[in-house]
Each structure stands twice: as structure tokens, then as C-alpha cells.
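Anchor point for the sequence shown: position 98 equals 98 in the UniProt record's numbering, and the numbering is continuous, going up by one each time. All residues carry an ideal CB built from backbone N, CA and C; glycine is no exception. Written below as C-alpha cells is the structure these notes are about.
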Amino acid sequence: MNILAIDTATPALIVGVVCDGATRSETVLSDSHAHNELLVPATLRMLNDAHLTFSDLDAIVVGVGPGPFTGLRVGMATAAAFGDACHIPVYGVPTHDAIAHNLGDPDNLLVATDARRKEVYWSSYCGGQRVAGPEVCQPARLGEPTPESDYRLDRVDVMSVPAKLAPMLPAVLQETTVVSGVPLPADLVAVADFTGKPEPLQPLYLRRPDAKEPAKKAPSPAIVRKES
1 MNILAIDTAT PALIVGVVCD GATRSETVLS DSHAHNELLV PATLRMLNDA
51 HLTFSDLDAI VVGVGPGPFT GLRVGMATAA AFGDACHIPV YGVPTHDAIA
101 HNLGDPDNLL VATDARRKEV YWSSYCGGQR VAGPEVCQPA RLGEPTPESD
151 YRLDRVDVMS VPAKLAPMLP AVLQETTVVS GVPLPADLVA VADFTGKPEP
201 LQPLYLRRPD AKEPAKKAPS PAIVRKES
């Protein structure tokens, strides 16, 4: 299978082409503020580097987060548009699952990514299976019981976390082995399920977007007087 893989759930923009399990081309761009401008040119370049066109693709895989609203929207909307225009099935995969696969699926792995607003998205894995998450919280509260999870930090042996967030984590994690995981194209493809028709893409925002609709203003007194 020839598969285009895209992820914009983290600050990195990741695009590549995977053919029968082998990476033919890939790029990792670190400018999180330019995903919208960079994604389409990067995709066309990766297809060209792989000596393929959209008509050669069998599927598209895109990371569905968790991630900030704007970044996720860029990647998922673009992947969906490619799929609709070229009649290619589009499969969504959790970005944290791809990161865990990138790290070799070690036992007792914690994956945390930047959620902005001084928060982290996190998921926990054991033997390649996600056992908790994804959830969102402040770094210092990571591991506290929630209605959704009774996960305990004392089970963590390895964690993937952005360097700037590591000092904010609970003391119990400060001595944990830290590794850097990236959802590369081959990892996104590896965790996708191609056995049936793809499910509708569902972004894992985990919270409301930062942007809010402006509050409705009361009518101007002048307008009220005129109408009366």
C-alpha cells in the first residue's frame, strides 16, 4: 500500500509517504505557527520525493490528537480534503499511540504532549497497549485520580515529554527516564487499522478551543428609540 501520513497535533508538522511499510519520504518541520502555510507544499514535496502522485495513493493516515484546536484542524481538514478530492480513504489515529510505537512500545510508558495554557495531554501504555488517557491536566497534577482514571505514577518507567514541561511534573517523575518520541509517518501508519472502512474523523481536543464567540451586545439606545 502507498500511504500518505500527516500529523499536526504537536508543535512539529510531520508529513511522509510510506509504501508497504517502508518510509519513502518524510519531513519534520518545527514551526508550529505555520502549519497552515507549510502543510500542502510539504505534502506535494513528499509525494514528489517518493515519485508518486495522489492517484498512486491507497490511503491517507492522519493524527487526530490530542492536540490544540488550531493545529489539529489544519491537519485533519487537509487530509479530509485530499481524500474527498481524490477518492482516497482517510484513517484517523491517536497521535499518542504513534509516539508510543515510535519508542518501541516499552512497558510502563507515559506519553505527554504540550496542551498549551500550562497543561499537558497525556496517555499511559503498557506493552504497546494504551491503559489510560488521553486526558488533559496541569503538569503538577499528572497522576491524580480522576473520574475517568485511577492511573498511578508509580507505574511509570519511561516517559516522553517536552523538555520545557519536564520540570513542572510531579516529584515522583523527576527521576524517570525521559526519551523523545515523535509520531513519524511509519509510526502513524503502523498503528492504523486498515481492516475495514475508516471511521469518521473525530479530533481529540479534550477541551473547548481557546477562541470564544463574542458575547451578544445589548441594542444601542438610539436604535431602541428609533424602533419605538
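Beta-ladder partner(s) of residue i, from DSSP
i	result
Ser123	Val111
Asp7	Ile14
Arg116	Glu119
Asn2	Cys19
Val158	Leu109, Thr177
Tyr91	Val61
Glu26	Gly16
Short Cβ contact (8 Å threshold) for residue i with residue j
i	j	result
Leu109	Tyr121	no
Val158	Pro94	no
Val40	Thr78	yes
Ala80	Val90	yes
Val74	Asn36	yes
Ile14	Ile60	no
residue 229	Gly133	Here the chain comprises residues numbered 1 to 228, so residue 229 is not present and cannot be evaluated.
Thr23	Ala42	no
Ala115	Val136	yes
residue 253	Gly181	Given that the chain is displayed from residue 1 to residue 228, the structure contains no residue 253 and the question cannot be resolved.
Asp187	Ala98	yes
Val111	His96	yes
Pro167	Thr113	no
Opening and closing residue of the beta strand (DSSP E) in which residue i lies
i	result
residue 248	Since the first and last residues shown for the chain are 1 and 228, residue 248 lies out of range.
Boundaries (first-last residue) of the alpha helix (DSSP H) holding residue i
i	result
Leu72	69-86
Arg45	35-49
Val189	185-190
CB-CB length for residue i against residue j, believed under 8 Å
i	j	result
Val64	Gly92	4 Å
Ala9	Gly67	3 Å
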